[in-house]
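The structure appears right after this line, and notes come after that.
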Amino acid sequence: MQHGKYRFIVGFLALPLGLYALFVVWPFIQSIYYSFTDWTGLSPEFKMVGLDNYRRMLHDDVFWKSLQHSLMFAVVLPLVTISLALFFAFMINVGGRRRKGGPVISGVRGSSFYKIVYFFPQVLSIAIVSLLFAFAYNPDSGAINSLLRGIGLDSVQPLWLGDPSLALWCVMAVLVWSTVGFFVVLFSAGMASIPTDLYEAALLDGAGRATTFFRLTLPLLWDTVQSGWVYMGILALGAESFAVVQIMTTGPGGPDYSTTVMVLYVYQKAFRDGQAAYATTIGVALLAVTLAFAAVVMRLGRRERLEF
Amino acid sequence: MTTTETGTTATETAVPAPEPPRRRREGGVLNVFSHGILIIWAFMVVTPLLWAVMTSFKDDRSIFTSPWALPDKLHFENWARAWTDANMSDYFLNTILVVGGSLIGTLVLGSMAAYVLARFDFPGNRFIYYLFIGGMSFPIMLALVPLFYVVNNMGLLNTLHGLILVYIAYSLPFTVFFLTAFFRTLPTSVAEAAFVDGASHTRTFFQIMLPMAKPGLISVGIFNFLGQWNQYMLPTVLNTDPDKHVLTQGLVQLAVSQGYKGDWSGLFAGLVMAMLPVLAAYIVFQRQVVAGLTAGALK
């Protein structure tokens, strides 16, 4: 298959690669370069300032807050979401009561119904979900506080997004709500590929459901859990946390910067404050955090691969 | 690629085994408990969505005074107002144009690059492959700052075709990653036979390989469709002209402007209007959507 091979390769790669290089690779390279300049973004002139931006970043309290919140998003959020999803997936697929003459392991009744329903939020835009919950959280007329009043809890009327100590949790709860279904479906697929005779053996040995889960299901599912964590962490550091925080919290960034995240801070510095160079500096920090996060999860989670 | 379709087969083929008595008692209590939690979560997922649908039929006053009360009558005029006055029709049109254009572009360019990378040996092949893959783990916001000026200098800022090109570029990493793996699984013999019969590489690709890759194209197409339809960050930065807004931006813009216009019922109608087509499509194509969305993470 040599005839005209290189002409064909070049012809097929030129357009996709060119577009990708122009709109993705080149801006990334420029970003790193700009982080060493004093470019405002408003005028084309700039000069090199060495590490000034990085020094400024280290003394910027808002940056440290945003870093802290972003790390929460990357660690706590997947932890809660994945734990919930593992529990749901296990119950749906393995946790059912055994019916006489039925299969050894089975899901609870209506398992496919749960899988369909849980997946609903995943197909909706995170922007729409954020808007919806911004209304629900409204302290005066929102659905949540009005529900609390309805069941007689008039004294419990939190400000939710308006309370600096609660706002971040409210925002994260929305992402948990919208992502759990994805992982339930993902883990269900993984659990289905575990051979049934392993479960039979566990049952014959008298293992209860908790033991079965921790000794059998979780170890065999570990690869999926790990890549799911990395996948969600990268999303939570980037596009998803941008949308929820920017749409839901006042400022945006919350009362007293209580919900600001790195990706939002980059956006605000570049497109609101006219400090494009400083924005790219924070962006480089975000890149470092993302890569470090992926490396740590892959490394800490490394176990002997189980063949089955 | 494992899908949920395999979910039931593993359990159905199992043979019944004697039941240890201890487990039954424990199972009974746990079963009520676990089933209860599953129902509560299903309820928590559905309630906000149903609440939004209900609210979209209420008048403005009762939205604030009694958020949980049923509408006094069905205020269909909210929907009409949202469609025309609140420009939802324009936002829909813009979104359809942008997503339609980018989806076709992504699939065509993505499969071309993936095919070459999967099937041909040439110097730099691995480098280009990893260049594409790297784009999946990099924070897009970092690139968006200079990208804004790149797009602006090309005169593409606030244009729909500019947005289409950017969507395609940012959809390529996953598309190339997924389709490269997919093309590798296809048998080589068919393409070789076509080539021996005198078909050119280009013709072999379009007439033999693309039809064979259809299942992969559908999966990655659904993935990209949802991602591009729901995209919020890229248009927020690159598409600031209100006339060119896509759905997600338009709704957020609407929510901000309702702060002084006070047409909350119209806003809810708009929200539901944007939610329903995607939910309906999901329910109809449930299997394909789930397969398409989970395909990437399982690789």
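Protein chains in written order, with numbering that gives the first Met the number 0: chain A, 0 to 307; chain B, 0 to 298.
Backbone N, C-alpha and C fix where the C-beta goes; we use that ideal spot for every residue, glycine too.
The structure displayed is predicted, hence computed values, not measured ones.
Which residues of chain B have a Cβ atom closer than 9 Å to the Cβ of residue i, listed in chain order?
i: L286(A); result: F137, P138 and L141
i: Y277(A); result: Per Cβ cutoff of 9 Å: no residues; Y277(A) is ~10 Å from chain B at best.
i: F7(A); result: V115, F119, S199, H200, T201 and F204
i: V296(A); result: The premise fails here: V296(A) is roughly 12 Å from chain B at the closest Cβ pair, so nothing lies under 9 Å.
i: G282(A); result: P138, M140, L141, A142, L143 and V144
i: K4(A); result: F119, F121 and H200
i: Y266(A); result: M140, L143, V144, M232, T235 and V236
i: S145(A); result: S65, P66 and W67
i: I81(A); result: Going along chain B, no residue has its Cβ under 9 Å from I81(A), so there is no contact; the nearest lies around 12 Å.
Have a look at residue i and residue j and give me their C-alpha separation to the nearest angstrom.
i: K127(A); j: V283(B); result: It is worth fixing the name first, because residue 127(A) is Ile in this sequence and not Lys. Whole-angstrom Cα-Cα distance: 21 Å.
i: V9(A); j: L285(A); result: 35 Å
i: V262(A); j: L143(B); result: 11 Å
i: G99(B); j: A51(B); result: 28 Å
i: L131(A); j: L203(A); result: 49 Å
i: T259(A); j: Y169(B); result: 25 Å
i: L320(A); j: F212(A); result: This structure leaves residue 320(A) out entirely; chain A is present only between 0 and 307.
i: F292(A); j: G237(A); result: 13 Å
i: F11(A); j: N144(A); result: 57 Å
i: T247(B); j: G141(A); result: 22 Å
i: Y173(A); j: A268(B); result: The sequence shown places Val at residue 173(A), rather than the Tyr named in the question. Those two C-alpha atoms are separated by around 21 Å.
i: V75(A); j: D60(A); result: 22 Å
i: F119(A); j: G300(A); result: 30 Å
i: R24(B); j: V31(B); result: The predicted model places R24(B) with a pLDDT of 47, which falls under 50 and marks its position as unreliable; any figure quoted below should be read in that light. Near 12 Å, if we compare the C-alpha coordinates of V31(B) and R24(B).
i: S111(A); j: D196(A); result: 23 Å
i: G6(B); j: M190(A); result: Reliability fails at G6(B), whose pLDDT of 39 lies under 50, so the model's placement of it is uncertain and the value that follows must be treated cautiously. Taking the straight line from one Cα to the other gives about 8 Å.
i: K298(B); j: M153(B); result: A caution first: K298(B) carries a pLDDT of 46, below 50, which makes its placement in the model unreliable, though a value can still be read off. Going from the Cα of K298(B) to the Cα of M153(B) covers about 37 Å.
i: M135(B); j: T210(A); result: 37 Å
i: N124(B); j: D196(B); result: 27 Å
i: W7(A); j: L164(B); result: Per the sequence presented here, residue 7(A) reads as Phe, with Trp not at that position. Roughly 23 Å separates the two Cα atoms.
i: I28(A); j: A68(B); result: 55 Å
i: V289(B); j: A79(B); result: 33 Å
i: T94(B); j: R54(A); result: 42 Å
i: L70(A); j: D139(A); result: 31 Å
On a Cα-Cα basis, can you pick out the residue from the options that is closest to residue i?
i: G35(B); options: S82(A), Y266(A), F72(A) and F87(A); result: F87(A)
i: M56(A); options: A242(A), F181(A), S34(A) and R208(A); result: S34(A)
i: R148(A); options: M140(B), H244(B) and S65(B); result: S65(B)
i: D71(B); options: F56(B), T83(B) and A85(B); result: F56(B)
i: G261(B); options: D58(B), F91(B) and M111(B); result: D58(B)
i: A113(B); options: F63(B), P172(B), T247(B) and I167(B); result: P172(B)
i: A212(B); options: F181(B), R80(B), Q285(B) and V251(B); result: F181(B)
i: L253(B); options: L266(B), V245(B) and D242(B); result: L266(B)
i: L159(B); options: T235(B), L116(B) and E76(B); result: T235(B)
i: F137(B); options: S129(A), L290(A) and P43(A); result: L290(A)
i: G161(B); options: H244(B), M272(B) and A85(B); result: H244(B)
i: F131(B); options: Q121(A), V24(A) and G205(A); result: V24(A)
i: S129(A); options: V295(A), V244(A) and V288(A); result: V244(A)
i: G104(B); options: Y281(B), G220(B) and L250(B); result: G220(B)
i: V175(B); options: A81(B), L116(B) and V255(B); result: L116(B)
i: R286(B); options: V122(A), Y198(A), D37(A) and L215(A); result: V122(A)
i: F204(B); options: I217(B), L185(B), N157(B) and F222(B); result: L185(B)
i: I81(A); options: P194(A), V184(A) and V288(A); result: V184(A)
i: E346(B); options: R118(B), N151(B) and A85(B); result: Residue 346(B) is absent from the model: chain B starts at 0 and stops at 298.
i: P89(A); options: V288(A), L217(A), Y256(A) and V265(A); result: Note that residue 89(A) corresponds to Phe in the displayed sequence, not to Pro. Of V288(A), L217(A), Y256(A) and V265(A), the residue nearest in Cα terms is L217(A).
i: T46(B); options: F45(A), L70(A), R54(A) and A135(A); result: A135(A)
When the distance is taken between beta carbons, is residue j closer than 8 Å to residue i?
i: L16(A); j: I127(B); result: yes
i: L237(B); j: L292(B); result: no
i: S30(A); j: L49(B); result: no
i: V179(A); j: Y117(A); result: yes
i: K268(A); j: S187(A); result: no
i: S124(A); j: Y166(B); result: no
Residues of chain A with CB closer than 9 Å to the CB of residue i, please, in chain order.
i: P47(B); result: P120, V128, L131, F132, A135, A142 and W176
i: L156(B); result: In chain order: nothing, as chain A lies at least about 12 Å away.
i: T94(B); result: Within chain A, no residue comes near T94(B); the closest Cβ sits about 10 Å away, beyond 9 Å.
Let me check one thing: in DSSP terms, what residues is residue i bridge-paired to?
i: T36(A); result: M47(A)
Output, in chain order, the set of chain A residues within a Cβ distance shorter than 7 Å of residue i.
i: P145(B); result: P26, Q29, S30 and Y33
i: Q285(B); result: I115
i: A51(B); result: L131
i: V289(B); result: F118 and V184
Just to make sure I have the definition right: I need the residues of chain B whose C-beta is within less than 8 Å of the C-beta of residue i. Which are they?
i: M90(A); result: S33, H34, I36 and L37
i: T289(A); result: S136, F137 and P138
i: P15(A); result: L108, G109, M111, A112, L171 and V175
Verify the contact flag: residue i, CB atom, against every heavy atom of the ligand SAH, threshold strictly below 7 Å.
i: V183(A); result: In the structure on display, the ligand SAH does not appear, and there are no ligands present to speak of.
Applying a beta-carbon distance threshold of less than 7 Å, which residues of chain B neighbour residue i?
i: V19(A); result: Looking at the sequence provided, one finds Tyr at residue 19(A) rather than Val. In chain order: F131, A168 and L171.
i: G273(A); result: Those within 7 Å of G273(A) in chain B number zero; the least Cβ separation is about 12 Å.
i: A293(A); result: S136
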